[in-house]
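Read in our numbering, the sequence shown has 1229 at position 360, and its numbers run on one by one without any break. Even glycine gets a Cβ: it sits at the ideal position worked out from N, Cα and C. Structure first, then comments.
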Amino acid sequence: MLYMHNQTGFPIADPDKDPLAGALPPHLEIENAYRSMIISASGWRKVFAPSENEEDASEHLSRPDAFLIAIATEAFWRERQPKAVAVGMDTRPTGPAIADIVCRILLAHQVEVKHLFIAAAPEIMAYSAYHQEDHFFYISASHNPIGHNGFKFGCQGGVADSIEATKVIATFRTLLTDGDSAQLVKKLSASVKSGTYLDMLRQCDQFKADALVAYERLVLDTATGSEDEVVFGDLVASLRHDIEKHPIGIVAELNGSARSLSIDRPFLEGLEVKTRFVSAKPRQIVHAIVPEGANLEMCRKELEMAHAEDPAFVLGYVPDNDGDRGNIVYYDERTKSTRILGAQELFALVAQIELSLSRKDGITQAIVVNGPTSLMIDHIAAKLQVKVFRAEVGEANVVKLAQQIRSQGFTVRLLGEGSNGGNITHPSKVRDPLNTLVSLVKLLSSPTRFSVITGADVAKSAIPTIAKALDALPKRTITGGFSTEATMRITSTDHGLLKAAYERHFVQDFAKRSDELAEKFGIYGWREEQTEGTTMLVGLGPAYRTAPMRGGLKIVFSNQRGIDTDFIWMRGSGTEPVFRIMADAMGDDQGRHDYLLAWQRSLVERADAEIALVYCPNDI
């Protein structure tokens, strides 16, 4: 009997039908299925659609992929030994089929499975934070196309860090080399009684309701920096009062994401924010998933129409499919048009808001970001006497470093990956567009707060706007994190060799270009920063890297006074088969940015070509 989800009518699972029943797939086919999987601390991902077309919206899995998921779940159980696991997913079509296998393997090990079905990533993590003993297993491929899927896991509200994830990965790979693993997971799946599975499915609605309550509480906790319900009430009352005087409307273009079944509408309307929801039904995916560039156009146009009808509508947001990112569009009163707010500018603006409002005598503030986060953050932090710490790309790395910094006596209110969009506001351990929106509502609903945040006098702050707030930020020209110019395809698989060749070319180039750089851009010096996990080391060469040397590498340029002005950065993606590059240039000089980015691309291309020439496959 196929069990259906009450709210959506989507099938969840058939407790009488074992997805692993039948003949075992050949071991070689499982190994081949594994080869196309990208595994990192940020998540395990591949195209699960049987056609292997990343745009295929099929709900089905191939036999090898089904067993691959079962073996991965077995590795998760062996290494983590959880007593209870919350299982959830975004709205990708293959989610239920993957969850069916995950739940069966966990139930076979007598794990208490709490199936939330479709839930936003911050929601399931809030649930695991509220239930401290619970782990979570979240099925998603974040911003990747619809045919992709994957999973991430963790506990206490945060994704497993690289050390924890590496242990599960090692166990998974060991199981894959064992020809008996497929038979093992098949027996485990077959051992689950239909009645046991059905009992779990019948509790889905209650688990989901509990998750929504835990999530709303965490959002309020994050907004106030307090766990006191009296403080929650005071904040809500204060914002309602301010919004009554300065009305705010927000367009939510959810693109059929997991946020369509989350707390967005009741939470925002509970603050007396006017709302307009678009493509807000689960799986109503109307454009590409990553909330960048052209994929924000629908929201921008919807905001334009909403503002024409009611000038209170000044913000819009678009999440990715799991709902932990949410990029912003806004109304610009100067140009009388709606605009897309870049990920780096948004992160910097939220940093300006939260760091300004959380300043207190007697505390030492810090902010934790990833390597490619713009130098805007450094300039904002310097003005507010906040120390900046950097980790490698990867949400788990930033969260773990923030925990380490707090143990040293720093107050870390805000952290995140400016390059990837979205912010993490303590005590949350994941990006969340609701946290971002609350920060922007604080900015726009009170002239007094706006003045404190931007440094503008009260008279100029009488009508707070995003455009005015952006004027207060340092001017930078930054490569879009998901733009075509930010990605490269390379042939080198040994990133240690690639970086060594890159460094040789850079040192030679800088010597040749030194006069030009000084004359055109006022660049006189440089240093190299290398990030791995929670560590950032300053120095040139392999002594500042550890195997497999896949962390970020950044060249920071400085002026004649030794002040940082620009940087170029590179790193191989942990979740996609691409190499990422970017430039962060001082001011609004597009030519300066383009010069640095073209130089960076040339350096990587020449280094890659050198490795391909010297270390051809037959010689390795």
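Assigned exposure category for residue i - 16 Cβ within 10 Å defines buried
i: P1135; result: exposed
i: V1099; result: exposed
i: I1246; result: buried
i: P894; result: buried
i: V1376; result: exposed
i: G1139; result: exposed
i: D1457; result: exposed
i: A1177; result: exposed
i: E1113; result: exposed
i: P1180; result: exposed
i: R904; result: exposed
i: R1071; result: exposed
i: G1431; result: exposed
i: T1362; result: exposed
i: N1487; result: Its pLDDT being 48, under 50, N1487 is placed unreliably in this model, and the value from its coordinates should be taken loosely. That one is exposed.
i: Q1399; result: buried
i: M873; result: exposed
i: S997; result: buried
i: L889; result: buried
i: E1474; result: exposed
Which residues DSSP lists as bridging residue i, in chain order
i: L1067; result: According to DSSP, which records beta bridges pairwise, L1067 is partnered with nothing at all.
i: R1396; result: V1425
i: C1024; result: H1004, G1027
i: N1239; result: A1260
i: Y872; result: A882
i: T1404; result: E1401
i: G912; result: S909
i: P1188; result: G1195
i: T1207; result: Y1200
i: A1454; result: T1346
i: F986; result: G957
i: E981; result: A953
i: R1358; result: Answer by DSSP bridge pairing: none, since R1358 is not bridged.
i: F1436; result: V1425, D1453
i: H1374; result: H1374 is not bridged to any residue.
i: H1017; result: V916
i: Q1234; result: T1280
i: G1431; result: Paired residues: none, contrary to the question.
Length of the line joining the Cα atoms of residue i and residue j
i: R914; j: G1231; result: 45 Å
i: D1378; j: I1347; result: 22 Å
i: L930; j: K1150; result: 24 Å
i: G957; j: F1005; result: 8 Å
i: L1210; j: F1020; result: 29 Å
i: P1417; j: G1410; result: 14 Å
i: A1337; j: F1279; result: The sequence given here has Lys at residue 1337, not Ala. So the two alpha carbons sit approximately 31 Å from each other.
i: E1085; j: E1002; result: 20 Å
i: L1465; j: S1471; result: 10 Å
i: L1284; j: D885; result: 46 Å
i: E1122; j: L1165; result: 9 Å
i: E1385; j: L897; result: 56 Å
i: A1369; j: T1204; result: 47 Å
i: Q1234; j: V1142; result: 31 Å
i: F1118; j: G1291; result: A quick correction: the sequence has Gly, not Phe, at residue 1118. Those two C-alpha atoms are separated by around 20 Å.
i: H1000; j: Q1025; result: 7 Å
i: K1056; j: I938; result: 15 Å
i: P1014; j: V1155; result: 12 Å
i: A902; j: N1239; result: 32 Å
i: H1115; j: S1315; result: 7 Å
i: G1102; j: A1092; result: 11 Å
i: E981; j: R1282; result: 34 Å
i: W1438; j: T1353; result: 15 Å
i: S1442; j: R932; result: 28 Å
i: Q1153; j: G1391; result: 50 Å
i: L935; j: E1214; result: It is Ala, not Leu, that sits at residue 935 in the sequence shown. Looking at the two C-alpha atoms, the distance is approximately 41 Å.
i: A1217; j: L1053; result: 50 Å
i: D1030; j: A1265; result: 5 Å
i: W1395; j: I1424; result: 7 Å
Minimum Cβ-Cβ distance from residue i to chain B less than 8 Å
i: T1294; result: The chain inventory of the structure shown lacks chain B, comprising one protein chain alone.
Taking three-plus beta-carbon pairs below 8 Å as touching, is the region 1194 to 1203 in contact with the region 1159 to 1171? yes
Beta strand (DSSP E) runs wholly inside the region 1105 to 1149, at least 3 long, in chain order: 1118 to 1122, 1143 to 1147
Report yes or no: do the region 1025 to 1037 and the region 1273 to 1282 share at least 3 C-beta pairs separated by less than 8 Å? no
Hey, which unbroken runs of the alpha helix (DSSP H) at 4 residues or more fall wholly within the region 892 to 972? 896 to 904, 932 to 949
Three or more C-beta pairs closer than 8 Å, one from the region 980 to 990 and one from the region 1119 to 1132: is that the case here? Counting Cβ pairs under 8 Å, three or more are found: they touch.
Using 8 Å as the threshold, is the region 1052 to 1063 in touch with the region 959 to 978, meaning 3 or more CB pairs across them? yes
Is it the case that the region 901 to 919 contacts the region 1007 to 1026, given that we only count it when at least three CB pairs across the two stretches are under 8 Å? yes
Ordered list of alpha helix (DSSP H) runs contained in the region 1258 to 1327, each at least 4 residues: 1264 to 1276, 1302 to 1314, 1316 to 1323
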